Amino acid sequence: MIGLGRPRSSFASQVFDSFTAERKITLCLSSSSGVVSFGRGSVMMKNPYETEILKSLTFTPLVANPSSHEGFFINVNTIKINGKKVSLDTPSVAVTQLSSVVPYTTMRSSIYSKFERAYLKAAMSNNMTRVPSVEPFGVCFGSEAKVPVPVIDLVLQSEMVKWRIYGRNSMVKVSDEVMCLGLLDGGENMRDSIVIGGYQLEDVLLQFDFDSSMVGFSSSLLMRQTSCSDFKSGSMYGESV
1 MIGLGRPRSS
11 FASQVFDSFT
21 AERKITLCLS
31 SSSGVVSFGR
41 GSVMMKNPYE
51 TEILKSLTFT
61 PLVANPSSHE
71 GFFINVNTIK
81 INGKKVSLDT
91 PSVAVTQLSS
101 VVPYTTMRSS
111 IYSKFERAYL
121 KAAMSNNMTR
131 VPSVEPFGVC
141 FGSEAKVPVP
151 VIDLVLQSEM
161 VKWRIYGRNS
171 MVKVSDEVMC
181 LGLLDGGENM
191 RDSIVIGGYQ
201 LEDVLLQFDF
211 DSSMVGFSSS
221 LLMRQTSCSD
231 FKSGSMYGES
241 V
């Protein structure tokens, strides 16, 4: 996330140094607009859900990445699709980057191959019809039939802590007839095991707390009949810019 990383030279660090703000960033992105606020103040929405959403955030530790001092990283311990664990060679997927710069979530090939196999099995069980892929996506389906899309869970520090990805954040509509899985094979030489990309971050409220080294995240706001575009642009409260 450009300018919002942890280095002292980042825009966020300069804001915290210039004001007596709590070291928090609240961020919400959408396909059309979004909002960011700094400090203990919250963003303001056009509906009454804000307080409820902020109170319902799930938190996971921010972790250091020895190969990079920039960006935000969390640990993903395993992946589940429709509640079933994906069998991976490694006992822990380990360091995972959050990035609004990378458009779609990418996985190291050794992880993606097993993820794709498990996802296709779940999709076939849901009566989804696979169709020829459309670049840059590797897995595509017909979108004419209204069938349920498999739910993806990134399991974090415990089985109870999950980053759940519903169809809106996993499927990309490429035409009226075709939708594609918006998680990609990043090759075997990826620095990080997984990079959670911007499409998967859309309409998810994120709160980075630098003092506690934690990040909080909501479920998809679309499940609450709202979105990040419902935030009033430029709203910043408390000790904020």
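The sequence shown runs contiguously to residue 241 in full-length UniProt numbering. Just so you know, even glycine gets a beta-carbon here, dropped at the ideal spot from N, CA and C. Because the structure is a prediction, the values reported are computed rather than measured.
Task: Reference Leu27, options Val101, Glu202, Ser212, Arg224, closest by Cα - done: Here residue 27 refers to the residue found at position 27 when the sequence shown is read from its first residue. It is Glu202 whose Cα lies nearest to the Cα of Leu27.
TODO: Report whether the distance from the Cβ of Ile74 to the nearest heavy atom of the ligand SAM is below 7 angstroms.
DONE: Absence of the ligand SAM from the depicted structure is noted, as is the absence of any ligand whatsoever, leaving it without description.
- [ ] Give a yes or no on whether the C-beta atoms belonging to Lys162 and Leu154 are separated by under 8 angstroms.
- [x] For the purposes of this step, residue 162 is taken as the residue at position 162 of the sequence shown. For the purposes of this step, residue 154 is taken as the residue at position 154 of the sequence shown. Contact flag set, yes.
TODO: Label Thr226 either buried or exposed according to how many other C-beta atoms from any shown protein chain fall within 10 Å of its C-beta, with 16 as the threshold for buried.
DONE: The count along the sequence shown starts at 1 and reaches residue 226 at position 226. So Thr226 ends up on the buried side.
- [ ] Starting from Ser37, trace the beta strand (DSSP E) both ways and give me its first and last residue.
- [x] Position 37 of the sequence shown, counted from the first residue, corresponds to residue 37. Counting along the chain, the beta strand (DSSP E) containing Ser37 begins and ends at 35 to 38.
Task: When Leu88, Ile111, Leu156, Ile81 are compared against Ala122, the one with the closest alpha-carbon - done: Mapped onto the sequence shown, residue 122 falls at position 122. Among Leu88, Ile111, Leu156, Ile81, the Cα nearest to that of Ala122 belongs to Ile81.
TODO: Would you list the one or two residues that DSSP bridges to Met214?
DONE: Working through the sequence shown from its first residue, we reach residue 214 at position 214. Beta-bridge pairing links Met214 to Pro61, Asp209.
- [ ] Could you give the DSSP three-state label for Met190: helix, strand or coil?
- [x] Walking along the sequence shown from the start, residue 190 turns up at place 190. It is coil, neither helix nor strand.
Open item on the list: Less than 8 angstroms between the beta carbons of Val95 and Val131, yes or no?
Closed with: Within the sequence shown, residue 95 is the residue found at index 95, counting from 1. Within the sequence shown, residue 131 is the residue found at index 131, counting from 1. The answer is no: Cβ separation not under 8 angstroms.
Task: Cβ-based burial, Gly234 [other Cβ within 10 Å; buried from 16] - done: As a position in the sequence shown, residue 234 is number 234, starting the count at 1. For Gly234, the predicted structure reports a pLDDT of 43, less than 50, and the residue's modelled location is therefore unreliable. A value from the coordinates is still provided. Exposed, by the Cβ-count rule.
- [ ] Take Asp89 as the anchor and find which of Leu98, Lys114, Pro103 has the nearest alpha-carbon.
- [x] The residue labelled residue 89 in the question sits at position 89 within the sequence shown. Among Leu98, Lys114, Pro103, the Cα nearest to that of Asp89 belongs to Lys114.
- [ ] Buried or exposed for Ser9, please, with buried defined as at least 16 other CB atoms from any protein chain shown within 10 angstroms of its CB.
- [x] The sequence position of residue 9 within the sequence shown is 9, counting from 1. Unreliable placement is indicated for Ser9, whose pLDDT of 47 sits below 50; the coordinate value is still reported in the next sentence. The residue in question, Ser9, is exposed, as its Cβ has fewer than 16 Cβ neighbours within 10 Å.
Open item on the list: Counting beta carbon pairs with one atom in the segment 98 to 106 and one in the segment 184 to 199, are three or more of them shorter than 8 angstroms?
Closed with: yes
Task: DSSP beta-bridge partners of Asn75 - done: Indexing the sequence shown from 1 puts residue 75 at position 75. Looking at the DSSP assignment, Asn75 forms a beta bridge with Val95.
Task: Burial state of Asn169, where buried means 16 or more other Cβ atoms lie within 10 Å - done: Taking the sequence shown and counting its residues from 1, the one referred to as residue 169 is at position 169. Counting Cβ neighbours within 10 Å, Asn169 comes out buried, since at least 16 surround it.
- [ ] Inspect the CB distances between the segment 124 to 140 and the segment 57 to 77 and report whether three or more fall short of 8 angstroms.
- [x] no
- [ ] Give the single residue among Met223, Cys228, Ser32, Met214 whose Cα lies nearest to the Cα of Ala64.
- [x] As a first step, residue 64 must be located in the sequence shown, where it is residue number 64. Checked all of Met223, Cys228, Ser32, Met214; the closest Cα to Ala64 is Met214.
Open item on the list: Tell me which residues share the same chain as residue 300 and place their Cβ nearer than 8 angstroms to its Cβ, disregarding the 5 neighbours each side in the sequence.
Closed with: For the chain, the structure presents residues 1 to 241; residue 300 sits outside this window and is missing.
Open item on the list: Rounded to the nearest angstrom, what separates Cys180 and Ser143 at their Cα positions?
Closed with: Numbered from 1 along the sequence shown, position 180 holds the residue referred to as residue 180. Numbered from 1 along the sequence shown, position 143 holds the residue referred to as residue 143. If you take the alpha carbons of Cys180 and Ser143, they lie about 9 angstroms apart.
Open item on the list: Buried or exposed for Ser125, going by 16 or more other Cβ atoms inside 10 Å?
Closed with: Translated into positions along the sequence shown, residue 125 becomes position 125. Exposed is the call here.
Open item on the list: In the DSSP output, which residue or residues are listed as bridge partners for Leu181?
Closed with: Looking up residue 181 in the sequence shown gives position 181. Partner(s): Met171.
Open item on the list: Taking the alpha carbon of Gln207 as the reference point, which residue from Glu70, Leu120, Leu98 has its own alpha carbon closest?
Closed with: If you number the sequence shown from 1, residue 207 lands on position 207. Here the closest residue by C-alpha is Leu98.
TODO: Would you mind stating whether Val172 and Gly182 have Cβ atoms separated by less than 8 angstroms?
DONE: Working through the sequence shown from its first residue, we reach residue 172 at position 172. Working through the sequence shown from its first residue, we reach residue 182 at position 182. In contact: Val172 and Gly182 (Cβ atoms closer than 8 angstroms).
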